[in-house]
Amino acid sequence: MNRREFIEIFAAAAILPALSPQESPREWGSPVFDVHFHLRPQASANITHLDGAGVTKANLLTRGRALDQVKALHTLAPHRFTWFNSADVTRPDAELALTEAVKSGAQGFGEMKFHVAADGPELRRMYALAADLNVPILVHFQEADHFANEGTWSTGYAKTFESILKAYPRTTFIGHADAFWANVSADYRNDVPYPAGRIARGGVTDKWLGDYANLFGDMSAVSGNNAMARDSDFTTDFLKRHQDKLLFGSDCSCGDGHGAGYNNPAAPKMAGKCVARETLTVLKRSASPAIFQKIVWGNAQRLLRIPAS
Ligand SMILES: [Zn+2]
Ligand SMILES: [Zn+2]
Numbered sequence: 049m050n051r052r053e054f055i056e057i058f059a060a061a062a063i064l065p066a067l068s069p070q071e072s073p074r075e076w077g078s079p080v081f082d083v084h085f086h087l088r089p090q091a092s093a094n095i096t097h098l099d100g101a102g103v104t105k106a107n108l109l110t111r112g113r114a115l116d117q118v119k120a121l122h123t124l125a126p127h128r129f130t131w132f133n134s135a136d137v138t139r140p141d142a143e144l145a146l147t148e149a150v151k152s153g154a155q156g157f158g159e160m161k162f163h164v165a166a167d168g169p170e171l172r173r174m175y176a177l178a179a180d181l182n183v184p185i186l187v188h189f190q191e192a193d194h195f196a197n198e199g200t201w202s203t204g205y206a207k208t209f210e211s212i213l214k215a216y217p218r219t220t221f222i223g224h225a226d227a228f229w230a231n232v233s234a235d236y237r238n239d240v241p242y243p244a245g246r247i248a249r250g251g252v253t254d255k256w257l258g259d260y261a262n263l264f265g266d267m268s269a270v271s272g273n274n275a276m277a278r279d280s281d282f283t284t285d286f287l288k289r290h291q292d293k294l295l296f297g298s299d300c301s302c303g304d305g306h307g308a309g310y311n312n313p314a315a316p317k318m319a320g321k322c323v324a325r326e327t328l329t330v331l332k333r334s335a336s337p338a339i340f341q342k343i344v345w346g347n348a349q350r351l352l353r354i355p356a357s
């Protein structure tokens, strides 16, 4: 989107609709929107995670043909889900598949997680299409393996992505995953998934969130949690600086919204925990109630233009 459209969307949303009873603040003191929730095959398992973690609504991420499952879930739980779809960007029919998904109700592309370069031709055509269809695109950036021979995803983020932000000003990008979040620190060397210790100020992600109106941050997964949990002095200021650009998400695979069965081989300290709960806890203790409410609810409502239910 261009700057004028961006301002119009945010100005229109300045008057927030009244919350329905379902959206009334509960456990977290604010309704919560999870921008990064992978569709689970069994419909009821989706609801179980939302209810268990105290999440009001979630954005379903699917790949390929998923319309029937998405519709079934809408029937089971009206108004609790929005939908992003993804398609194999290395295939020539990816644009057609994503255009059809948007016509069927998908509100964005994602997550885009493929073994291609962040500035390569496969993703470039998706960036352009997202602008044409006026939907955001959520991209997974990762440069270090979680397990042997995993391979990298949307590579070259720190070196090349600023040129993409400049080249596609009408595209709304939502950044996610290891390289996006490790690069809040200026000293990241693409060596480990989840760097520890104090953050060196001036990382490119921090800078670009400030400099580019078309970049947003998806705080999901261990990567988002780790970036916010490693240096509390940094976190409070970061959340304040980018309070209109950050979106809470979980990317959690636990069974019950309380951590059952969660296991990420690259993050043993998160075993048995619910990523949604862990990150909501960090955000709640690091932000004022007003900023917390924007990050876990308001920003997503505006960005995805979700009507009040
Ligand atoms: Zn991801
Ligand atoms: Zn969970």
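Counting in my numbering, the sequence shown runs from 49 upward without gaps.
In this text, a Cβ means the ideal position worked out from N, Cα and C, and glycines have one as well.
In this text the structure is predicted, and so the values were computed from the model without any measurement.
Q | Under 8 Å between C-beta atoms of Leu-213 and Leu-263 | A | Position 165 of the sequence shown, counted from the first residue, corresponds to residue 213. Position 215 of the sequence shown, counted from the first residue, corresponds to residue 263. A contact, by the Cβ cut-off of 8 Å.
**Q.** Rounded separation between Ile-222 and Met-276 - CA only
**A.** For the purposes of this step, residue 222 is identified with residue 174 of the sequence shown, where counting begins at 1. For the purposes of this step, residue 276 is identified with residue 228 of the sequence shown, where counting begins at 1. Ile-222 and Met-276: Cα-Cα distance of roughly 17 Å.
Q | ligand 4 site residues, beta-carbon cut 7 Å against heavy atoms | A | With respect to ligand 4, the structure offers nothing, as its ligand set consists of ligand 1 and ligand 2.
Q | Buried or exposed (CB count within 10 angstroms, at least 16 for buried), Asn-312 | A | As a first step, residue 312 must be located in the sequence shown, where it is residue number 264. Buried, because 16 or more other Cβ atoms sit within 10 Å of the Cβ of Asn-312.
Q. With C-beta atoms as the reference, is Leu-98 less than 8 Å away from Trp-131?
A. Here residue 98 refers to the residue found at position 50 when the sequence shown is read from its first residue. Here residue 131 refers to the residue found at position 83 when the sequence shown is read from its first residue. Not closer than 8 Å, so no.
Q) What residues in its chain sit with their C-beta under 8 Å from that of Leu-87, if we drop five residues either side in the sequence? A) By one-based count along the sequence shown, residue 87 stands at place 39. Once the five neighbours on either side are set aside, the close Cβ partners of Leu-87 are Asn-94, Leu-108, Leu-109, Thr-110, Ala-114, Gln-117, Val-118 and Leu-121.
Q. From Ala-230, Ala-261, Asp-259 and Arg-74, pick the residue whose C-alpha is nearest to that of Ala-248; which is it?
A. Within the sequence shown, residue 248 is the residue found at index 200, counting from 1. Cα-wise, what sits closest to Ala-248 is Ala-230.
Q) Looking only at its own chain, which residues have a Cβ that is under 6 Å from the Cβ of Asp-281, when we skip the five neighbours before and after it? A) Here the question's residue 281 lines up with position 233 in the sequence shown. If we look at Asp-281 and ignore the five residues flanking it on each side, it has no Cβ neighbours.
Q. Considering only the beta carbon of each residue, do Asp-304 and Thr-104 sit closer than 8 Å?
A. Within the sequence shown, numbered from 1, the residue matching residue 304 stands at position 256. Within the sequence shown, numbered from 1, the residue matching residue 104 stands at position 56. Contact: no.
Q) Pairing CB atoms from the stretch 139-155 with CB atoms from the stretch 172-192, are three or more of them under 8 Å? A) yes
**Q.** Inter-stretch contact (C-beta, 8 Å, three-pair minimum) for the stretch 327-347 and the stretch 283-297
**A.** yes
Q | Phe-195, buried or exposed, once every other Cβ within 10 Å from all chains shown has been counted against 16 | A | Counting from one through the sequence shown, the residue named residue 195 turns up at place 147. Under this definition Phe-195 is an exposed residue.
Q.
Could you check if Gly-305 belongs to the surroundings of ligand 2, using beta carbon to heavy atom distance under 7 Å?
A. Position 257 of the sequence shown holds residue 305. Answer for Gly-305: yes, Cβ within range of ligand 2.
(Q) Looking at Glu-341: is its Cβ nearer than 8 Å to the Cβ of Phe-81? (A) The residue you call residue 341 lines up with position 293 of the sequence shown. The residue you call residue 81 lines up with position 33 of the sequence shown. Position check: residue 341 holds Gln in this sequence, whereas Glu was assumed. No, these two residues do not count as a Cβ contact at 8 Å.
Q: Please classify Ile-185: does DSSP put it in a helix, a strand, or coil?
A: Numbered from 1 along the sequence shown, position 137 holds the residue referred to as residue 185. Three-state DSSP puts Ile-185 in a strand.
**Q.** Boundaries (first-last residue) of the alpha helix (DSSP H) holding Ser-211
**A.** As a position in the sequence shown, residue 211 is number 163, starting the count at 1. Counting along the chain, the alpha helix (DSSP H) containing Ser-211 begins and ends at 205-215.
**Q.** Those residues which DSSP pairs with Trp-201 across a bridge
**A.** As a working note, residue 201 is residue 153 in the sequence shown. Its beta-bridge partners are Gln-190.
**Q.** According to DSSP, residues forming a beta bridge with Gly-168
**A.** Against the sequence shown, residue 168 aligns to sequence position 120. In the DSSP output, where bridge partners are listed per residue, Gly-168 has none listed.
Q) DSSP puts Arg-111 in a beta bridge; with which residues? A) To locate residue 111, count along the sequence shown from 1; it is residue 63. Looking at the DSSP assignment, Arg-111 forms a beta bridge with Ser-134.
Q) Which residue's Cα is closest to the Cα of Pro-134: Tyr-175, Ala-165 and Arg-128? A) Here residue 134 is taken as the residue at index 86 of the sequence shown, counted from 1. According to the sequence shown, residue 134 is Ser rather than Pro. The shortest Cα separation from Ser-134 among Tyr-175, Ala-165 and Arg-128 belongs to Tyr-175.
Q: In angstroms with no decimal places, state the Cα-to-Cα distance between Gly-245 and Asn-274.
A: Within the sequence shown, residue 245 is the residue found at index 197, counting from 1. Within the sequence shown, residue 274 is the residue found at index 226, counting from 1. Their backbone Cα atoms lie some 10 Å apart in a straight line.
(Q) Looking at His-84: is its Cβ nearer than 8 Å to the Cβ of His-290? (A) Sequence index remark: in the sequence shown, residue 84 carries index 36 (1-based). Sequence index remark: in the sequence shown, residue 290 carries index 242 (1-based). Not closer than 8 Å, so no.
(Q) Please tell me whether Leu-124 and Ala-91 are closer than 8 Å, where the distance is taken between their beta carbons. (A) Locating residue 124 in the sequence shown gives position 76, where the first residue counts as 1. Locating residue 91 in the sequence shown gives position 43, where the first residue counts as 1. Contact flag set, yes.
Q.
Could you compute how far the alpha carbon of Pro-65 sits from the alpha carbon of Leu-351?
A. Within the sequence shown, the letter at position 17 stands for residue 65. Within the sequence shown, the letter at position 303 stands for residue 351. Here the model assigns Pro-65 a pLDDT of 45, short of 50, so the residue's position is not dependable, and the following value carries that caveat. The alpha-carbon atoms of Pro-65 and Leu-351 are separated by roughly 15 Å.
Q | Helix, strand or coil at Leu-98 according to DSSP, with G and I counted as helix | A | In the sequence shown, residue 98 corresponds to position 50, counting from 1. Three-state DSSP puts Leu-98 in a helix.
Q: Pick helix, strand or coil for Val-270, following the three-state DSSP scheme.
A: For the purposes of this step, residue 270 is taken as the residue at position 222 of the sequence shown. Here Val-270 sits in helix by DSSP.
Q) For the putative contact between Asp-226 and Ser-271, defined by C-beta atoms under 8 Å, what is the C-beta separation to the nearest angstrom? A) Translated into positions along the sequence shown, residue 226 becomes position 178. Translated into positions along the sequence shown, residue 271 becomes position 223. About 5 Å separates the two Cβ atoms, so the contact holds.
(Q) Does any residue of chain D have a CB that is nearer than 8 Å to the CB of Lys-293? (A) The question asks about chain D, but that chain is absent: this structure has only one protein chain.
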